[in-house]
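Protein chains: 2
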Amino acid sequence: MTAAANQNGRRPTTSRRLERAGIRDVAAAAGVSITTVSDALNGKGRLPDETRSRVREVAERLGYRPSAAARTLRTGRSGLIGLTVTTYGEEPFTFTEFAYFAEMARAATSAALSRGYALVVLPASSRHDVWSNIALDGTVVIDPPDQDPLVSELYRSGVPVVSDGKPGNCPVTAWVDNDHEAAVLGILDHLSEAGARRIGLLTGTSTDTYTRLSTDAYLGWCGRVGQEPVYETYPAHDPAAGAVAADRLLARPDRPDAVYGLFDPNGTDLLAAARRYGLRVPDDLLLVCCSESDVYAGTEPPITTLSLKPRRIGTTVVNLLIDAIEGIDSGTGGATADPGTGGRLFPPRYRTAGTGPPPGTLMPTELIVRASSQRRSPRTTVSPPRTPGEL
Amino acid sequence: MTAAANQNGRRPTTSRRLERAGIRDVAAAAGVSITTVSDALNGKGRLPDETRSRVREVAERLGYRPSAAARTLRTGRSGLIGLTVTTYGEEPFTFTEFAYFAEMARAATSAALSRGYALVVLPASSRHDVWSNIALDGTVVIDPPDQDPLVSELYRSGVPVVSDGKPGNCPVTAWVDNDHEAAVLGILDHLSEAGARRIGLLTGTSTDTYTRLSTDAYLGWCGRVGQEPVYETYPAHDPAAGAVAADRLLARPDRPDAVYGLFDPNGTDLLAAARRYGLRVPDDLLLVCCSESDVYAGTEPPITTLSLKPRRIGTTVVNLLIDAIEGIDSGTGGATADPGTGGRLFPPRYRTAGTGPPPGTLMPTELIVRASSQRRSPRTTVSPPRTPGEL
DNA sequence: GGACGCTGAAGAACCGTTTCTCCATGAACG
DNA sequence: CGTTCATGGAGAAACGGTTCTTCAGCGTCC
Chain W
1 MTAAANQNGR RPTTSRRLER AGIRDVAAAA GVSITTVSDA LNGKGRLPDE
51 TRSRVREVAE RLGYRPSAAA RTLRTGRSGL IGLTVTTYGE EPFTFTEFAY
101 FAEMARAATS AALSRGYALV VLPASSRHDV WSNIALDGTV VIDPPDQDPL
151 VSELYRSGVP VVSDGKPGNC PVTAWVDNDH EAAVLGILDH LSEAGARRIG
201 LLTGTSTDTY TRLSTDAYLG WCGRVGQEPV YETYPAHDPA AGAVAADRLL
251 ARPDRPDAVY GLFDPNGTDL LAAARRYGLR VPDDLLLVCC SESDVYAGTE
301 PPITTLSLKP RRIGTTVVNL LIDAIEGIDS GTGGATADPG TGGRLFPPRY
351 RTAGTGPPPG TLMPTELIVR ASSQRRSPRT TVSPPRTPGE L
Chain S
1 MTAAANQNGR RPTTSRRLER AGIRDVAAAA GVSITTVSDA LNGKGRLPDE
51 TRSRVREVAE RLGYRPSAAA RTLRTGRSGL IGLTVTTYGE EPFTFTEFAY
101 FAEMARAATS AALSRGYALV VLPASSRHDV WSNIALDGTV VIDPPDQDPL
151 VSELYRSGVP VVSDGKPGNC PVTAWVDNDH EAAVLGILDH LSEAGARRIG
201 LLTGTSTDTY TRLSTDAYLG WCGRVGQEPV YETYPAHDPA AGAVAADRLL
251 ARPDRPDAVY GLFDPNGTDL LAAARRYGLR VPDDLLLVCC SESDVYAGTE
301 PPITTLSLKP RRIGTTVVNL LIDAIEGIDS GTGGATADPG TGGRLFPPRY
351 RTAGTGPPPG TLMPTELIVR ASSQRRSPRT TVSPPRTPGE L
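Going down the list, the protein sequences come from chains W and S.
Numbering-wise (the UniProt record's numbering), the first sequence opens with residue 1 and increments by one.
Numbering-wise (the UniProt record's numbering), the second sequence opens with residue 1 and increments by one.
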């Protein structure tokens, strides 16, 4: 019964060890053709419900699991999405944005899963032999450097690419990013309102979009307001360098009376540095840093943080990507789109046909105000849902 | 030139839009057969170096990328490894062991990559349709619950499964875990030596191995030493419940003078609770918690933590899994094993043929001693290799 | 009563590799 | 000069699904 398959001109099935049941086995057991089995299981074709359910039952009984590889080969869809992370050194994930990345990846995984896709984590540094060995329907790229060869090749070979972080020069299908400029300006205003006269910045040396946009926004603001910029840079991927840079910043002769740190650990580092210099927070020094960690709710004093809302970003990025994947279609010429395949939030058919820039989406950030940035009332306030960083 | 493929009885190739070059295109362009191309590119067969390099060059020129799906279908190997995480509620990752998981996943990704595999993150809750749509060569399971149906099915269908955390009743190929009993006993001894008379435990309500083994070790120790157990339990996946439980523990009439918290956030929670009750740490209360986070080096006072060394675990788990994958072979009868395929650390051929228990590996933990567990010298000591958290 | 349309289902091509089998060719050798 | 070998390479069968096309049967409508 089980090994009935040598009709159809197949090899006599020399009594292999417990081979997994194939579609042919199911067909034989149910007394139908493999076409019927495929249709019955996938809800396609014109079959009476009776046949459908009978086939399904037989398949169930045989423990039939369709071969993912075969299906992928035929349909051209693997159900796999790459999640590319930039690497510093050997470790696959970026250190500095760690909590951000973790949250973002978590949300991305959820979002993908709920639409039937799974995520493959792929450091950008992995060599071709790994990349090209995996059938990806599309890729999410986190903060791609300018002219990323990987992204270029992917895009060229027709794989949709959506980036988290506005891409510099890479061609991508779409991108999502925070409105970093608005965020920084909002923070600077917030600090000013709290009484800051000279606001310093702790920033990174790398050239990724986040660092660049944020720093530029700061410099621009300084120019407009007429404050001399006071900032220190350090390689953000080096956990130890942050503390040193924080120290440098507070040791300057033109010591700032408020600091915004661009990276997650800056809060603790700055707090420690302040302590070393006998500066009280927030009385002598106002503090804000960008972080997703809730430890800053429990520090002494609690530190105001800017959240980039990585969950929202991750969800959006993945949904955009899947829209692009399912929209591309690469169709046989025209209207293959069934009208009732399920409502999508976004109109499909991305894939910048012409030469226009890829569609980008800016997402708001959220400033979580705590004691460290309020000179008067130590009462903790939270900005409504979003930060209108208008100036 | 590019569309040369209609020999070999293939469809006339009706001038498709920029199809990716296939192996047939390469063969045609190089004037050889597809067999030769395959052999040349994969370093197989008997070919003169000249042919090999010529074919390679043509393939390069055409931008040829072999289809991962086709290769997987033919060879039965996808180069993909599943990373299964238990889920609480909708979110894919366990909350409580978050830092642990992140570190572990990172190490696992690295290890897999360096052996040519990629990781697919798959929450255990995902339904079959996602699981079975992916060709997995093997799976890593994190802390599987007893009788996990998913694991059982995977194992039964011949997919190697290696678990992080000693499995309860699931059949797995191999497992890796910390020596939780030894770790807990070590901590209890450490606290005793520091002068603790009544040691409390903050533990979880779930039945995973970690919680169970640790709690049992605690209870056993209490029995041997003659101390009445003092512990509180809470659902570890609920971030808010931890603070409440910590409070409960310190509010008890038989208040402990030392506490070990099993989960990452317990340190902060206990510290906060202690503050509320006016207890000084370490003078009135000794504190240790299990965590991978380095924020405990910066708290006031710094808190002693137990690290489970997730990096080591992740690396080991993946290497065991890949050894199993490459060892299984499911061979055609016998010695298919080429003697020189590359040195492996472990002897392959796992796959508990009989009924014996699967091979397990216990890995040591590391206690990072800080001020919170030392009543006398406020001088911070650290077990050998790690950071000196200055005070 | 024949053309037609609809239902239910089977046939077979196809997706793009890998790999097993086999065939020329020419050199070496008895 | 006829075998045997080693070499280089081609042919074709899988791998296991999906899907396009075809087809038989049967009720219906002019």
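We put the CB at the ideal spot given by N, CA and C, even for glycine.
Exposed or buried, which one is residue i when buried takes at least 16 other CB atoms within 10 Å?
i, result
"Gly343 of chain S", "Confidence is the limiting factor: at Gly343 of chain S the pLDDT is only 30, short of 50, which leaves the residue's position unreliable and the question unanswerable from this model."
"Lys309 of chain S", "buried"
"Leu362 of chain S", "exposed"
"Thr205 of chain S", "exposed"
"Arg312 of chain S", "buried"
"Arg275 of chain W", "exposed"
"Thr211 of chain W", "buried"
"His190 of chain W", "buried"
"Val161 of chain S", "buried"
"Asn178 of chain S", "buried"
"Gln374 of chain W", "buried"
"Val225 of chain S", "exposed"
"Arg71 of chain S", "buried"
"Pro253 of chain S", "exposed"
"Arg74 of chain W", "exposed"
Between which two residues does the beta strand (DSSP E) holding residue i run?
i, result
"Pro123 of chain S", "Ala118 to Pro123"
"Thr361 of chain S", "Gly360 to Met363"
"Leu367 of chain S", "Glu366 to Ile368"
"Asn178 of chain S", "Ala174 to Asn178"
Of all Cβ atoms in chain W, is any one closer than 8 angstroms to the Cβ of residue i?
i, result
"Arg20 of chain S", "yes"
"Leu113 of chain S", "yes"
"Pro282 of chain S", "no"
"residue 430 of chain S", "The structure shown does not extend to residue 430 of chain S, since chain S is modelled only from 1 to 391, so the question has no answer here."
"Arg65 of chain S", "yes"
"Ser33 of chain S", "no"
"Ala68 of chain S", "yes"
"Ala5 of chain S", "Because the pLDDT at Ala5 of chain S is just 40, under 50, the model does not fix this residue reliably, and the value given afterwards should be weighed accordingly. So no, Ala5 of chain S is outside the interface."
"Thr86 of chain S", "no"
"Leu150 of chain S", "no"
"Ser126 of chain S", "yes"
"Ala273 of chain S", "no"
"residue 420 of chain S", "The requested residue 420 of chain S does not occur in the structure, where chain S is confined to residues 1 to 391."
"Thr268 of chain S", "yes"
"Ser53 of chain S", "no"
Name the one or two DSSP bridge partners that residue i has.
i, result
"residue 392 of chain S", "No information on residue 392 of chain S is available, as it lies outside the stretch 1 to 391 that chain S covers here."
"Cys289 of chain S", "S:Gly261 and S:Thr305"
"Ile142 of chain W", "W:Asp164"
Can you tell me where the alpha helix (DSSP H) with residue i in it begins and where it stops?
i, result
"Tyr260 of chain W", "Tyr260 of chain W -> not in any alpha helix (DSSP H); beta strand (DSSP E) instead, spanning Ala258 to Gly261."
"Ile134 of chain S", "Element bounds for Ile134 of chain S: n/a, residue is neither H nor E."
"Glu153 of chain W", "Pro149 to Arg156"
"Arg276 of chain S", "Asn266 to Arg276"
"Cys170 of chain S", "Run containing Cys170 of chain S: none; DSSP gives neither H nor E here."
"Arg248 of chain S", "Pro239 to Ala251"
"Asp216 of chain S", "Thr209 to Val225"
"Ser126 of chain S", "Neither: Ser126 of chain S is in no alpha helix (DSSP H) and is coded neither H nor E."
"Thr109 of chain W", "Phe98 to Ser114"
Does any residue of chain S bring its CB to less than 8 angstroms from the CB of residue i?
i, result
"Glu300 of chain W", "yes"
"Ser372 of chain W", "no"
"Ala102 of chain W", "yes"
"Ser192 of chain W", "no"
"Asp129 of chain W", "yes"
"Leu119 of chain W", "yes"
"Thr278 of chain W", "The question names Thr, but residue 278 of chain W is Gly in the sequence shown. It does not; no Cβ of chain S falls within 8 angstroms."
"Ser78 of chain W", "yes"
"Leu122 of chain W", "yes"
"Leu73 of chain W", "yes"
Entirely within the region 7-87 of chain W and at least 3 residues each: give me those beta strand (DSSP E) ranges in chain order.
Runs of the beta strand (DSSP E) inside the region 7-87 of chain W: 80-85.
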